[in-house]
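Engineer: Per the numbering used here, the sequence shown starts with residue 1, numbered consecutively.
Even glycine gets a Cβ: it sits at the ideal position worked out from N, Cα and C.
Remember, predicted model here, so these are calculated numbers, not experimental data.
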Amino acid sequence: MERVGVTMSMWTGFLLASTLAAAEPQTELWAGHQVVRGIKPIFMMGDLETQTETFVIARVTRTDNALLIEQRACEMDIKETLGIKVSMAPAALQALPTTAIRFAIDPQGGVKAPPWEVGWTETDFDKDGNPGVTVSVISRMCSGDLYIQSDSVTTATGATLTENGLKSDVSVAVHQDILGASRTCLKLGAGETYEKQTGQMVYRQIPAGTTCSDLSAGSWPVLVPSR
1 MERVGVTMSM
11 WTGFLLASTL
21 AAAEPQTELW
31 AGHQVVRGIK
41 PIFMMGDLET
51 QTETFVIARV
61 TRTDNALLIE
71 QRACEMDIKE
81 TLGIKVSMAP
91 AALQALPTTA
101 IRFAIDPQGG
111 VKAPPWEVGW
121 TETDFDKDGN
131 PGVTVSVISR
141 MCSGDLYIQS
151 DSVTTATGAT
161 LTENGLKSDV
171 SVAVHQDILG
181 ASRTCLKLGA
191 GETYEKQTGQ
201 MVYRQIPAGT
211 TCSDLSAGSW
221 PVLVPSR
């Protein structure tokens, strides 16, 4: 009986150790790519189609029932529309806060995340002496800088785990407030705007230690399929 008791204790200890080992979080590094399109009202030009691509690197913590994605933007490409080109300086991108996304994993392997927020306040995030974040505008009609406060809420739908990452459709509600501008012609369009965007995001695991400077948008490890 004593021998059986010892064996059961050992077996119980083994099961407990196995359970704890299975629950031990794993940390990975992912590259991500998001493409969203929408319609944005532009002063004196009406509603314009928009397309924004964002390239990110994310620290991913994985457990048996959850994924925590903590990502920062490396590059952002806003498609030129009707001769209007909008861009954000690399220093501004680097100053933006980290975005945290938490996906729950169900027993069948399905993944779902509550909506998450991305944005910044009127605080001078990019430390250039102007409120909010500075966005450059190049246009035949008027060029200069806009100082923007922005907040958006992103919702993932139909998310699925892939062999080495994740993919999902997304919808984004964007609210922006133009706090000021470097030129009077741009100040005429100052105020709040609201935009609904839809698109996709994809992620893929990359080697530990990879940085934004190691990658470029032209050879990004994972891309949303062209439509």
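1. Can you tell which of 113, 176, 77 and 82 has the C-alpha that lies nearest to the C-alpha of residue 66?
2. Would the region 175-184 count as touching the region 140-149 if we require 3 or more Cβ pairs under 8 Å?
3. Is it true that the CB of residue 73 sits closer than 8 Å to the CB of residue 54?
4. Could you tell me the alpha carbon to alpha carbon distance between residue 64 and residue 105, rounded to whole angstroms?
5. Exposed or buried, residue 166, counting other C-beta atoms within 10 Å across all chains shown (16 or more means buried)?
6. Answer with buried or exposed for residue 276, where buried requires no fewer than 16 other C-beta atoms within 10 angstroms of its C-beta.
7. Go through its chain and collect everything with a Cβ distance to residue 83's Cβ below 7 Å, but skip five positions before and after it.
8. What number of angstroms, rounded off, separates the C-alpha of residue 201 from the C-alpha of residue 130?
9. Whole angstroms are fine: how far does the CA of residue 178 sit from the CA of residue 230?
10. By the DSSP assignment, the alpha helix (DSSP H) with residue 186 in it spans what residues?
11. Determine the closest residue to residue 133 out of 97, 215 and 59, with distance taken between C-alpha atoms.
12. Just list the alpha helix (DSSP H) runs in the region 76-112, keeping only unbroken ones of 4 residues or longer that don't cross its boundaries, in chain order.
13. For residue 127, is the classification buried or exposed, using 16 other Cβ atoms within 10 angstroms of its Cβ as the cut-off for buried?
14. Could you check if residue 181 belongs to the surroundings of the ligand ATP, using beta carbon to heavy atom distance under 7 Å?
Structural biologist: This is what the structure holds:
1. The count along the sequence shown starts at 1 and reaches residue 66 at position 66. Checked all of 113, 176, 77 and 82; the closest Cα to residue 66 is 113.
2. yes
3. Taking the first residue of the sequence shown as 1, we reach residue 54 at position 54. Taking the first residue of the sequence shown as 1, we reach residue 73 at position 73. Yes. Within cutoff.
4. Residue 64 sits at position 64 when you count from the first residue of the sequence shown. Residue 105 sits at position 105 when you count from the first residue of the sequence shown. Going from the Cα of residue 64 to the Cα of residue 105 covers about 7 Å.
5. The count along the sequence shown starts at 1 and reaches residue 166 at position 166. Residue 166 comes out buried.
6. Here the chain comprises residues numbered 1 to 227, so residue 276 is not present and cannot be evaluated.
7. Start at 1 with the first residue of the sequence shown, and residue 83 comes out as number 83. Result list for residue 83: 139 and 140, in chain order.
8. Numbered from 1 along the sequence shown, position 201 holds the residue referred to as residue 201. Numbered from 1 along the sequence shown, position 130 holds the residue referred to as residue 130. Their Cα atoms are separated by approximately 31 Å.
9. As shown, the chain starts at 1 and ends at 227. That puts residue 230 outside it, with no answer to give.
10. Residue mapping note: residue 186 aligns to position 186 of the sequence shown, counting from 1. First-last of the alpha helix (DSSP H) with residue 186: 184-187.
11. The residue you call residue 133 lines up with position 133 of the sequence shown. Taking only the C-alpha atoms, the option nearest residue 133 is 97.
12. Taking only runs of at least 4 residues, the alpha helix (DSSP H) segments lying wholly in the region 76-112 are 90-95.
13. Here residue 127 refers to the residue found at position 127 of the sequence shown. Exposed is the call here.
14. This structure does not include the ligand ATP; it has no bound ligands of any sort.
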